[in-house]
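Worksheet: one structure, shown below.
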Amino acid sequence: MAAVINIGSLNIDIVYALEHMVRPGETLSARSRAVHCGGKGANQSVALARAGARVLHAGRVGPDGGVLIAALADAGVDVTLVETGAEPRGHAVILVDDAADNAIVLYPGANHRLDDAFLDRVFATAEPGDWILLQNEVNAPERMMRRARANGLHCAFNFAPFDPAVALPLECLDMLIVNEIEGGGLAGVAAPEEILTVLSGRYPETLVVLTLGPDGALAARGAERYRAASPAVAAVDTTAAGDTFIGYFLAGTLEGMTTATALDFACRAAAIAVTRAGAAESIPERAEVG
2 MAAVINIGSL NIDIVYALEH MVRPGETLSA RSRAVHCGGK GANQSVALAR AGARVLHAGR
62 VGPDGGVLIA ALADAGVDVT LVETGAEPRG HAVILVDDAA DNAIVLYPGA NHRLDDAFLD
122 RVFATAEPGD WILLQNEVNA PERMMRRARA NGLHCAFNFA PFDPAVALPL ECLDMLIVNE
182 IEGGGLAGVA APEEILTVLS GRYPETLVVL TLGPDGALAA RGAERYRAAS PAVAAVDTTA
242 AGDTFIGYFL AGTLEGMTTA TALDFACRAA AIAVTRAGAA ESIPERAEVG
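Going by this note's numbering, the sequence shown opens with residue 2, and the numbers climb by one from there.
Shown next as structure tokens:
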């Protein structure tokens, strides 16, 4: 089976539980504090590994990043493409309220120190048929997309966090994955079906996947449409739900699942993740998903 090379972020997540989100000018005491290994890149690599995919994580950490490398390796991720430099590791402050909604402040750190020499080493590892997975928490995703296309590799991009000021060659993608906020910002419309119509019309050769939280997920390629429902669960923490979905969806796709089957597979995995606290720690094992 083809491998996924995930050029992604590696962060330490500091999570505070709050009664409600902090309002401008407000000081609010946290009910609890927890520290986890995270970053969208790391979470998606863990999800891929737990879903049964062969995944290599490519990224950078600082001298204090050993715990992140160890956590990936423990999850079954190949870490030979993770480098350690002088820059501090990335970290995020995550606020989770009683409704299980979250807000995140991100410091990129070493995640924004991926240079051409690093990319040369990463792409030299790829073989025909492999996938490059990207998120918007590392620098220069546009260079990675173009290099993936030039090297004949498949490329999937999770446009998170969404930045309207960033111009990216999304036509290079085989798969674009967004939530409603990201998709709406990119498409310029708000309704899910309209988002899908705009983006699939703009990128007709790309599989556009739109996650809808408790309402499941939609996907489109050109005129084709797919939908999957999400199981009803009592959510505790939604922090890694999207990352869980992406890892399981891409793993299912690589296994040869149809788009509809892979959507259902990923929705069931994400539904399990939201019933647990934490980021990578909340991602289920394949046997739990079925």
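Note that CB positions come from ideal geometry on N, CA and C, so glycine has one too.
>> Per DSSP, what are the beta-bridge partners of Thr85 in this structure?
In response: Position 84 of the sequence shown, counting from 1, holds the residue named residue 85. Bridge partners of Thr85: Val62.
> Which parts of the region 89-140 are runs of the alpha helix (DSSP H), unbroken and 4 residues or longer, counting only runs that do not cross its ends?
Replying inline: 117-126
> Does DSSP put Phe160 in a helix, a strand or coil?
Replying inline: Locating residue 160 in the sequence shown gives position 159, where the first residue counts as 1. Coil at Phe160, not helix or strand.
> Where does Arg55 sit, in a helix, a strand or coil, going by DSSP?
Replying inline: In the sequence shown, the residue the question calls residue 55 occupies position 54. Coil at Arg55, not helix or strand.
> Is DSSP giving Tyr227 helix, strand or coil here?
Replying inline: If you number the sequence shown from 1, residue 227 lands on position 226. In the structure shown, Tyr227 sits in a strand (DSSP, three-state: E or B).
> When we look at the beta-carbon of Glu289 and count the other beta-carbons within 10 Å, is it buried (16 or more) or exposed?
Replying inline: Along the sequence shown, read from residue 1 onward, the residue named residue 289 stands at position 288. Result: exposed.
> Going straight from the alpha carbon of Leu264 to that of Cys173, what length do you get?
Replying inline: Along the sequence shown, one-based indexing puts residue 264 at 263. Along the sequence shown, one-based indexing puts residue 173 at 172. The straight-line gap from Cα to Cα measures roughly 22 Å.
> Nearest-angstrom Cα distance between Val16 and Ala270?
Replying inline: Counting from 1 along the sequence shown, the entry for residue 16 is found at position 15. Counting from 1 along the sequence shown, the entry for residue 270 is found at position 269. So the alpha carbons of these two residues sit roughly 22 Å apart.
> Residue range of the alpha helix (DSSP H) that Ala261 falls in?
Replying inline: Taking the sequence shown and counting its residues from 1, the one referred to as residue 261 is at position 260. Taken as a continuous stretch (DSSP letters only), the alpha helix (DSSP H) holding Ala261 covers 260-274.
>> Relative to the C-alpha of Asn184, which candidate in Ala220, Pro215, Cys156, Arg34 has its C-alpha closest?
In response: Counting from one through the sequence shown, the residue named residue 184 turns up at place 183. The question names Asn, but residue 184 in the sequence shown is Gly. Comparing Cα positions, the closest option is Ala220.
> Could you give the distance in angstroms between the alpha-carbon of Val190 and the alpha-carbon of Met176?
Replying inline: Counting from 1 along the sequence shown, the entry for residue 190 is found at position 189. Counting from 1 along the sequence shown, the entry for residue 176 is found at position 175. Rounded to the nearest angstrom, the two C-alpha atoms are 20 Å apart.
> CA-CA distance, Glu295 and Val275?
Replying inline: The structure shown has nothing for residue 295, since the chain only spans 2 to 291.
> Is it a yes or a no for the region 7-25 touching the region 203-221, going by three-plus beta-carbon pairs under 8 Å?
Replying inline: no
> Where does Leu211 sit, in a helix, a strand or coil, going by DSSP?
Replying inline: Walking along the sequence shown from the start, residue 211 turns up at place 210. Three-state DSSP puts Leu211 in a strand.
> If you pair each beta-carbon of the region 24-42 with each one of the region 113-129, do three or more pairs fall below 8 Å?
Replying inline: no
> Given that a residue counts as buried once 16 or more other Cβ atoms are within 10 Å of its Cβ, and exposed if not, what is Thr28?
Replying inline: Position 27 of the sequence shown, counted from the start, is the residue given in the question as residue 28. Classification for Thr28: exposed.
> Can you tell me whether DSSP reads Arg22 as helix, strand or coil?
Replying inline: If you number the sequence shown from 1, residue 22 lands on position 21. Sequence check: residue 22 is Met here, not Arg. Residue state, collapsed to three classes: coil.
>> Let me make sure I understand the geometry here. Which of Pro165, Phe163, Leu135, Leu169 has the alpha-carbon closest to that of Cys156?
In response: Locating residue 156 in the sequence shown gives position 155, counting from the first residue. Of the candidates Pro165, Phe163, Leu135, Leu169, the one whose C-alpha sits nearest the C-alpha of Cys156 is Leu135.
> For Pro162, which option in Asp79, Pro109, Pro232 has the closest C-alpha, if you only look at C-alpha atoms?
Replying inline: Within the sequence shown, numbered from 1, the residue matching residue 162 stands at position 161. Cα-wise, what sits closest to Pro162 is Pro109.
> If you draw a straight line from the alpha carbon of Gly1 to that of Val139, how long is it in whole angstroms?
Replying inline: Since the first and last residues shown for the chain are 2 and 291, residue 1 lies out of range.
> Can we say the region 237-251 touches the region 100-108, given the rule of at least three CB pairs closer than 8 Å?
Replying inline: yes
>> Buried or exposed, going by whether 16 or more other CB atoms sit within 10 Å of the CB of Asp75?
In response: Here the question's residue 75 lines up with position 74 in the sequence shown. Asp75 is exposed by the Cβ-count criterion.
>> For the alpha helix (DSSP H) containing Ser30, name the first residue and the last one.
In response: To locate residue 30, count along the sequence shown from 1; it is residue 29. Element bounds for Ser30: n/a, residue is neither H nor E.
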